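Start counting at 1 in the sequence shown, then tack on 14, and there's your number in the working numbering. Each residue gets a CB set at the ideal place from its N, CA and C atoms; glycine is no exception. Nothing here was measured: the structure is a model prediction, and the numbers come from that model. Comments concern the structure below.
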Amino acid sequence: MVHLQQWCRCLRVKISFVSNLVFSATARDRWISLNRSDGVYERTVRQRVRSVLDRLDRHPEQHRVGATQFQTSPITWGQLISPDGGADWILIWTTTADEKIYILRIEPAPSL
């Protein structure tokens, strides 16, 4: 698990949400990639993902609100992110024993 603060220093990105979020290496790499892109679509995705991450950080006790629960072990939750004019993305997380939100994936959502 990688704390957001550790790799945001590398990007020189000032992010206020640090305390309750922990990222898997896969989610961290995707978030770094989104933050490095200047494309309009990627900026929109980044803004929408950031708003969900901010909500999860500010109110981790409400992490189930607006999310879909997956019957996995451990139980995971996900939320679709719909940028205007592009494919949907999904943010998937679980919780840790110390009540942190563990971000597992940030990726384009599969089309069904």
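Beta-bridge partners of residue i, as assigned by DSSP
| i | result |
| --- | --- |
| Arg119 | Ile106 |
Nearest-angstrom beta carbon gap, residue j and residue i [assumed within contact, 8 Å]
| i | j | result |
| --- | --- | --- |
| Thr108 | Pro88 | 5 Å |
Distance, residue j Cα to residue i Cα
| i | j | result |
| --- | --- | --- |
| Pro124 | Val36 | 24 Å |
| Asp68 | Gln85 | 25 Å |
| Thr58 | Leu70 | 19 Å |
| His73 | Gly53 | 30 Å |
| Asp43 | Arg64 | 15 Å |
| Thr90 | Arg60 | 22 Å |
| Tyr116 | Pro97 | 23 Å |
### Task
Mind listing, in chain order, the continuous beta strand (DSSP E) runs of no fewer than 3 residues lying wholly within the region 36 to 106?
Runs found: 82 to 84, 90 to 95.
### the region 43 to 61 touching the region 75 to 86, judged by at least three CB pairs closer than 8 Å
Taking a cut-off of 8 Å for Cβ pairs, the region 43 to 61 and the region 75 to 86 do not touch, as fewer than three such pairs fall below it.
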